[in-house]
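Sequential numbering from 52 applies to the sequence shown in my numbering.
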Amino acid sequence: MTSPDPAQPRPLGPAGCALLIRTDFSDERSWEALCAGVQTPSEDDFLAVVDIVDDEVYRDLTAAQLRDLVPEPFDGPAFFFVADNKALTATGHPLLVVPVPYPDPEYADLNEVPRAEFRVVVTHLWSVENNLSLANMDWVDFAGNVSKDGVFRGF
52 MTSPDPAQPR PLGPAGCALL IRTDFSDERS WEALCAGVQT PSEDDFLAVV DIVDDEVYRD
112 LTAAQLRDLV PEPFDGPAFF FVADNKALTA TGHPLLVVPV PYPDPEYADL NEVPRAEFRV
172 VVTHLWSVEN NLSLANMDWV DFAGNVSKDG VFRGF
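Take a look at the structure:
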């Protein structure tokens, strides 16, 4: 996905799947390794379904700034992933998982429950994406099972 105006980030739109937005452009080799990890199925052949947004207009934007680019109502998954500096430099490529408001009025009450951001190592990205996208599991199932450093590494 690229922005038509290179100076201004465009609003983040639904892609039919979760977005993985690159905000750190300091290490191309690490970015390629992270992408390879995203595209590698688990040992049980599960794969995260994400639309990779690799556009320099999102360089150095924070999760809050990216969330502000999500239109309301948002007709997509109620979360996105961020490949920031920590994701590119830390062991396991821990991507930031960022909640957005649930668009469906049926689930509006879930927006009142605070959903804290957390990180997920790239090898377990599939678990978070698949289960949250299909509503097989809730946000707290993952956010409540992070290690002391705030990273989900599996159950």
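We put the CB at the ideal spot given by N, CA and C, even for glycine.
Counted as a single uninterrupted DSSP element, the alpha helix (DSSP H) harbouring Phe193 occupies residues 190–194.
With contacts defined by Cβ atoms closer than 8 angstroms, Val172 and Val202 form a contacting pair. The three-state reading of DSSP puts Val121 in coil, since its state is none of H, G, I, E or B. For Val148, the enclosing beta strand (DSSP E) stretches over residues 146–150.
Less than 8 angstroms separates the beta-carbon of Thr140 from that of Ser81.
Looking at the DSSP output, Leu112 bridges to nothing. Residue state for Ala167 is assigned as coil, using DSSP reduced to three classes.
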